[in-house]
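Engineer: Quick note on the numbering used here: the sequence shown kicks off at 45 and runs consecutively.
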Amino acid sequence: MSEDLIKCTKICVNCVPNDPVDIRCGGPNYLGFDFFVREEETEQMKKFIIVSLKELEVPLENIYDNGIVNLPKEKVWDKKRILTCIQGDAEYLISEAGYTSRGFYRR
């Protein structure tokens, strides 16, 4: 069965700081995305994600690799799926960034 698994890199994308109250309740420090991409496509996909965020005007605090895992094909992200996901959350993340820039979440 191991031949059915694909070696993937987990790409973490931090877009905007999360609300401190949500963090205290166990939420993540940042709102954003986690994508599992083919290991050999890691750098290409990171560049694609950065360009997509910029084009959609979604803020980007940080992007980084966070480990290697073996996953079945249906769990591996491609460019089309990544773009659809980013587009789906773009408005929300932009609005959350607005709060951050006005100082509601940062001291």
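Backbone N, C-alpha and C fix where the C-beta goes; we use that ideal spot for every residue, glycine too.
Just so you know, these numbers come straight off a predicted model, no measurement behind them.
1. Considering only the alpha carbon of each residue, which of PRO61, ASP133 and ILE126 lies closest to THR86?
2. Among ARG68, CYS129, CYS56 and ARG82, which has the Cα closest to the Cα of LEU104?
3. Below 8 angstroms CB to CB, which residues in the same chain sit around ASP78 once its five sequence neighbours on both sides are set aside?
4. Just tell me which of ILE107, VAL65, ASN106 and SER96 has its CA closest to the CA of LYS124.
5. Is LYS117 near GLU83, with beta carbons less than 8 angstroms apart?
6. Along the chain, where does the beta strand (DSSP E) that runs through PRO116 open and close?
7. Classify PRO72 as buried or exposed, calling it buried when 16 or more other Cβ atoms lie within 10 Å of its own Cβ.
8. Do you know offhand how far CYS129's Cα is from VAL113's?
Structural biologist: Quick look at the numbers:
1. Start at 1 with the first residue of the sequence shown, and residue 86 comes out as number 42. The shortest Cα separation from THR86 among PRO61, ASP133 and ILE126 belongs to ILE126.
2. Position 60 of the sequence shown holds residue 104. Per the Cα distances, CYS56.
3. Along the sequence shown, read from residue 1 onward, the residue named residue 78 stands at position 34. The residues are LYS54, ILE55, CYS56, VAL57 and ASN110.
4. Start at 1 with the first residue of the sequence shown, and residue 124 comes out as number 80. Of the candidates ILE107, VAL65, ASN106 and SER96, the one whose C-alpha sits nearest the C-alpha of LYS124 is SER96.
5. The residue you call residue 117 lines up with position 73 of the sequence shown. The residue you call residue 83 lines up with position 39 of the sequence shown. Not a contact, by the Cβ cut-off of 8 angstroms.
6. What you label residue 116 is simply residue 72 of the sequence shown in a count that begins at 1. PRO116 -> beta strand (DSSP E) spans 106-116.
7. In the sequence shown, residue 72 corresponds to position 28, counting from 1. Under the 10 Å beta carbon count, PRO72 is surrounded by fewer than 16 other beta carbons and is classified as exposed.
8. Working through the sequence shown from its first residue, we reach residue 129 at position 85. Working through the sequence shown from its first residue, we reach residue 113 at position 69. Taking the straight line from one Cα to the other gives about 21 angstroms.
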